[in-house]
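Taken in order, these protein sequences are the chains called A and B.
Read in order, the letters of the first sequence correspond to residues 0 to 134 in numbering that gives the first Met the number 0.
Read in order, the letters of the second sequence correspond to residues 0 to 185 in numbering that gives the first Met the number 0.
One structure is given here, and the rest of the page talks about it.
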Amino acid sequence: MPQHRDPHEQAQVALVLFHVGPYRAALEARHVLAMTDHPTALRTANAQSLLYAGSDPESPPSRWLTLRDAQTVSDNGGTWQLGVSGDFTLQQLPANTLYPLPKLLFPRRFSTALCGFTFDQQQLVLLLDARKLSP
Amino acid sequence: MSAEYPRDNPANDPPFATQTLEEALATHGDTETVVDVDEPTQQLVLFRLNGQRFALPGSAVSEILPSDQPVYYVPGLPNSTEGVLHLRGKIESVISLHHLLGLPSPEGASKGMILLVRAAGITSGVRIEQLDDVCEVAQSMLQAPPETLPGTLRPYVSALWQMDERQALALLDPEALFDAYQQGLG
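See the structure below:
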């Protein structure tokens with residue numbers, strides 16, 4: 000049976016929010032297959048090294064997000080794990096509070112996964128496209 | 000009743016004029032060049048970077064934001080990108096032109112205003128150190144950039160305005176600035 004959305008209802012997007020070093024980031028929840036305390040996949044990567052080349056020492060991941068491997072085209076769908084720091088939270092955020100990356104910054108970003116921004120408790124959150132992340 | 004100046008007495012001779020009325024009135028005006036209202040003019044936003052005078056076309060500057068406008072740092076972007084700002088439901092980038100123009104970066108935190116610049120379909124904040132003025136300038140006063148202009152500035156300067164004998168101001172081309180930034184310069 001088709002679902003009809005109330006035109007006044009605010010569209011929501013489910014996100015997994017987490018820390019990357021001193022910064023906050025988020026992935027769309029539908030791309031996150033599991034969240035664990037220990038790495039279990041063969042392929043892993045620290046989110047910090049994927050998002051920016053900083054002079055800060057890398058903080059060791061304390062949580063692992065299991066993502067579908069966008070680079071793998073096999074039917075069984077390989078997975079990999081993204082190491083993040085601190086706690087992660089699942090949140091529904093209004094779609095109109097998710098902002099695209101300003102046009103000028105597209106060619107200059109370290110990671111093509113950086114696709115936008117939102118705010119959580121007045122702190123900037125980096126929105127990441129899970130399909131552009133790979134170990 | 001006669002309106003003639005009485006000439007029979009030398010003391011009544013009209014004083015020797017050393018200046019015309021026009022000249023006398025002109026000396027009371029300011030020393031700035033009077034712009035013919037019919038002459039085409041261009042609005043300029045005058046500002047300073049590293050103490051040097053620059054301008055952007057007023058048509059490209061949509062807003063002047065105060066220095067306390069919050070700017071959020073974004074990791075994974077070049078040093079010339081200060082971050083992003085949240086303005087009325089939009090996120091805009093904030094860049095510094097120092098690297099692009101070959102100027103030394105200011106020490107300490109940025110304190111100047113932010114010009115919201117729109118060019119080539121792109122909007123971005125540009126941090127300046129000091130806002131000097133927003134004024135109309137006759138287009139005839141804008142000269143082509145001289146050959147002697149430093150090579151680091153030449154790609155981005157569309158005209159030079161000789162404000163007085165000592166001071167010249169470089170009019171920047173916002174499209175050229177954004178294009179260079181996107182190509183990885185600065």
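Yeah, the Cβ is synthetic: ideal placement off N, Cα and C, and Gly gets one too.
How about the segment 56-68 of chain A and the segment 36-45 of chain A: do they share at least three Cβ pairs that are nearer than 8 Å?
-> yes
So which residues on chain A does E91/B lean against when the C-beta distance must stay under 7 Å?
-> P101
Just tell me which of L184/B, M140/B, G111/B and E106/B has its CA closest to the CA of L130/B.
-> G111/B
Would V12/A count as contacting chain B if we go by Cβ distances under 9 Å?
-> no
For P21/A, which option in L89/A, R29/A, G85/A and V15/A has the closest C-alpha, if you only look at C-alpha atoms?
-> G85/A
Show which residues of chain A have a CB atom less than 7 Å away from the CB atom of P74/B.
-> Y22, L50, Y51 and G53
D36/A to W63/A, Cα distance in whole Å?
-> 6 Å
Mapping DSSP to helix, strand and coil, what is A119/B?
-> coil
Under the DSSP definition of a beta bridge, which residues are partnered with K131/A?
-> None, per the DSSP bridge assignment.
Sort out for me which residues DSSP pairs A33/A with in a bridge.
-> T65/A
Quick one: grab the DSSP three-state call for P154/B.
-> helix
Per DSSP, which one or two residues make a beta bridge with H18/A?
-> R23/A and S84/A
Taking DSSP as the reference, what is the three-state secondary structure of A28/A?
-> helix
Cβ of L100/B within 8 Å of any heavy atom in the ligand GTP?
-> The ligand GTP is absent from the structure shown, which contains no ligands of any kind.
Consider the Cβ of P77/B: report whether some Cβ of chain A lies at a distance smaller than 9 Å.
-> yes
With distances taken Cα to Cα, identify the nearest neighbour of C114/A among A25/A, G82/A and L92/A.
-> A25/A
Quick one: residues in its chain with C-beta nearer than 8 Å to the C-beta of E38/B, no 5 flanking neighbours on either side, listed in chain order?
-> A137, Q138 and S139
Residue burial classification, S58/B (beta-carbon count within 10 angstroms, cutoff 16) = exposed
Roughly how many angstroms lie between the CA atoms of A10/A and T96/A, to the nearest whole one?
-> 10 Å
May I ask you to report which of helix, strand or coil DSSP gives D178/B?
-> helix
For chain B, find out if any of its Cβ atoms is closer than 9 Å to the Cβ of D119/A; answer yes or no.
-> no
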